[in-house]
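Okay, structure first, notes after.
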Amino acid sequence: MRLTTLRRFELDTRPIHPETRRALDRRWEELPEHAKTPGQLLGRSAVGCEGTHGVFPKCNLTCSPCYHSADANKVRIDGEHTVDNVTRQMDYLRAVRGPRAHAQLIGGEVSLLSAEDHARSLLAMRAVGREPMSMTHGDFDYDYLLDVVLDDDGKPRFDKVSFAAHFDSLMRGRRGAVRPRNEAELNPFRERFARMFVDLKRDHGVDSYLAHNMTVTPSNVAEVEQVTRDVLDMPFDMMSFQPAAFIGDDRRWREDFGEVTIDAVWERIEAGAGQKLPWQATQFGDPRCNRSTVGVRVEKTFAPVLDPDDPKDIAARDRFLSHFGGMIFGGIPRHVLAVKVVRALAAHPGDIPPLIGLMSRVVRRAGGARKVVKAARRGKVSFKTFVIHNFMDAEQVAPAWKLMEEGVVADDPLLRETQERLGACMYAMAHPDDGRLVPACVQHSVLDPKENEELRRILPLPTVRPGATVTARPSGLTPVRETGTRTIV
Ligand code: SF4
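Here our numbering is used: position 386 in the sequence shown is 678, and no number is missing along the way.
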């Protein structure tokens, strides 16, 4: 074996990649003091999530609210532009945030991309160690999914795909549910979406990770409980809720979003889950922005991986974050992962008993080993994650960010709180040309409107004759078609 191959193997199987270590240390250093809590995951086990911007702003549904700026739908979908900009943004993220992160392929509606361009974008993200998640309204067909996942020879180009599908009754224009009157009406569409991925596994052996996203406003907050109950029984891995904020297209602000708080939504999720969902053991960024808990669902019982009230769980958390925070488990061959885990445990053999202890407590919370085994045989054991992501209003983000760029800490308490949250942001977007990362709140509140104005100029909607525009069908498979009044030219 050549020396370089050996060095490479040593680096690949090193428990924590040195570039990850540097990126984590830098992230921790940059965090505001209030966010440096024992349960903080940023800078200790993760650099945070990433997302694309300005790569396909257009969407073919009309939701109220919508975070896209008013010009988003006037920008043509252009595969070359998408792949080129996804690649540049991801390359930059790779350079400044290390070899591995979760990244959202987000516009716009991802299924308006042709299947080929969608797949090329995912491959570009994977090429630089990003674990991509395609953000969609879920209104596409199985054929489109197959065209994304399979190559020209019908062979899978991915062993796993991740999609986050947005379903709520504030959305307008879904095929078959153009104007839903309540959340329950959307259940068949949620089921149908998730089933496509069960079929994908059955037909082609491709794994998936699915998130269910729901925007929450005063008009549907009372339905969060039932949505939680219903979606928990569907094959989604994550249930994510976003209390609406005043961002994006102000023509679509119809309610007082301020009435819906992060606490109120969490209480309703707990009511739907039929139990408490403790989240305080870990934190991504600022607790006013994010709340989440991960656990195992056995039959109808959710057993959180960490119980914040159990001192043994907290001690185990502290050990694991100190010794293994930043270890990369995904996207690497099994034999490399096996050696990596052995090396990690060999360096900290004292962590094996607490790990076994933690696992046995999770099993106990789930109802005991006998129940878990019985449920596993019936396919009733699954990992579930509950999340709330609480975007901020543009009215505060814009002035708070302006002051931050000038290096000024705001006097106004609300702006100072906004600055604290932006400083601890866990969802970044890349601007390779300026050499900077910005929080998604800033992207949507401050930068998107200008960016889309410019994109509208360089990627105008094609007009084939006066008064007509060209659009693509949601499947992305059908060639472009004309809309508009027919005129004789
Ligand atoms: S995008 Fe906004 S709401 Fe989300 S973590 Fe960042 S600052 Fe907080």
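C-beta atoms are modelled at their ideal positions from N, C-alpha and C, and glycine is treated no differently.
CA-to-CA distance, residue j to residue i, given in whole angstroms
{"i": "W545", "j": "E698", "result": "30 Å"}
{"i": "L769", "j": "T428", "result": "Low confidence applies here, because L769 scores a pLDDT of 39, under 50, leaving its location unreliable and the question unanswered by this model."}
{"i": "E774", "j": "A630", "result": "Residue confidence is low: E774 scores 41 on pLDDT, short of 50, so the model does not pin down where it sits. Its coordinate-derived value is still stated next. Using only the alpha carbons, I get a separation of about 54 Å."}
{"i": "E559", "j": "K568", "result": "8 Å"}
{"i": "P310", "j": "P625", "result": "19 Å"}
{"i": "A563", "j": "R487", "result": "26 Å"}
{"i": "D610", "j": "L333", "result": "11 Å"}
{"i": "E408", "j": "R386", "result": "23 Å"}
{"i": "I780", "j": "P754", "result": "Any reading at I780 must be qualified, since the residue scores a pLDDT of 32, below 50, and its modelled position is unreliable; the value itself is stated next. C-alpha separation (whole angstroms): 18 Å."}
{"i": "G577", "j": "A716", "result": "5 Å"}
{"i": "G421", "j": "G623", "result": "8 Å"}
{"i": "R467", "j": "E401", "result": "15 Å"}
{"i": "A411", "j": "V347", "result": "14 Å"}
{"i": "M696", "j": "Q711", "result": "7 Å"}
{"i": "K493", "j": "A686", "result": "41 Å"}
{"i": "K694", "j": "F538", "result": "18 Å"}
{"i": "K592", "j": "F528", "result": "15 Å"}
{"i": "Y436", "j": "D445", "result": "16 Å"}
{"i": "M531", "j": "V597", "result": "16 Å"}
{"i": "V634", "j": "P645", "result": "15 Å"}
{"i": "N479", "j": "S337", "result": "35 Å"}
{"i": "L295", "j": "K632", "result": "19 Å"}
{"i": "Y384", "j": "P724", "result": "6 Å"}
{"i": "G317", "j": "K666", "result": "Note on residue identity: the sequence assigns Asp, not Gly, to residue 317. The straight-line gap from Cα to Cα measures roughly 44 Å."}
{"i": "V772", "j": "E372", "result": "Any reading at V772 needs caution, since the residue's pLDDT is 40, under 50, leaving its predicted position unreliable; the model's value is listed next. Approximately 16 Å, taken between the alpha carbons."}
Own chain, CB closer than 6 Å to residue i, minus 5 neighbours either side, in chain order
{"i": "S674", "result": "R589"}
{"i": "L714", "result": "P731"}
{"i": "D370", "result": "L751"}
{"i": "D363", "result": "N744, E745 and R748"}
{"i": "D443", "result": "R449"}
{"i": "Q735", "result": "H345 and M721"}
{"i": "V389", "result": "Looking at the sequence provided, one finds Arg at residue 389 rather than Val. Excluding positions up to five away in sequence, the list reads A315 and V339."}
Contact set for residue i: own chain, Cβ-Cβ below 8 Å, skip 5 residues either direction
{"i": "M425", "result": "H394, A395, Q396, L397, S454, F455, A456, Y501 and A503"}
{"i": "Q534", "result": "N505, M506, T507, V508, I680, H681, N682 and F683"}
{"i": "L647", "result": "A608 and F612"}
{"i": "V552", "result": "V508, T509, P510, V513, P535 and A536"}
{"i": "G649", "result": "K604 and A608"}
{"i": "V470", "result": "R464"}
{"i": "D602", "result": "R653"}
Integer Cβ distance of residue i from residue j, believed to fall under 8 Å
{"i": "P570", "j": "D599", "result": "6 Å"}
{"i": "V490", "j": "P448", "result": "Not confirmed; about 15 Å, so no contact."}
{"i": "A636", "j": "F616", "result": "6 Å"}
{"i": "S737", "j": "A690", "result": "6 Å"}
{"i": "R392", "j": "T312", "result": "7 Å"}
Beta-carbon proximity list for residue i, same chain, < 7 Å, skipping 5 on both sides
{"i": "R728", "result": "none"}
{"i": "F301", "result": "none"}
{"i": "E475", "result": "D460, S461, N512, E515, Q518 and V519"}
{"i": "V628", "result": "D304 and T305"}
{"i": "A416", "result": "V375, V378, T379 and M382"}
{"i": "S361", "result": "G540, D541, D740, P741 and N744"}
{"i": "A658", "result": "V588, V590, T593, A595 and V664"}
{"i": "A692", "result": "A702, L707, T710, Q711 and L714"}
Residue i at chain C interface by Cβ criterion, 8 Å
{"i": "G340", "result": "The chain inventory of the structure shown lacks chain C, comprising one protein chain alone."}
Checklist entry - Which parts of the region 561 to 634 are runs of the beta strand (DSSP E), unbroken and 3 residues or longer, counting only runs that do not cross its ends? => result Runs of the beta strand (DSSP E) lying entirely within the region 561 to 634, each at least 3 residues long, are 582 to 590 and 593 to 596 in chain order.
Next on the checklist: Extract the residue ranges of the beta strand (DSSP E) inside the region 403 to 431, only unbroken runs of 3 or more that lie entirely within it.
Outcome noted: Runs of the beta strand (DSSP E) inside the region 403 to 431: 422 to 428.
Checklist entry - Hey, which unbroken runs of the beta strand (DSSP E) at 3 residues or more fall wholly within the region 294 to 370? => result Those beta strand (DSSP E) runs which fall completely within the region 294 to 370 and span 3+ residues are 341 to 343.
Checklist entry - Could you give the uninterrupted runs of the alpha helix (DSSP H) lying entirely in the region 727 to 755, keeping only those of 4 residues or more? => result Segments of the alpha helix (DSSP H) lying fully in the region 727 to 755: 740 to 750.
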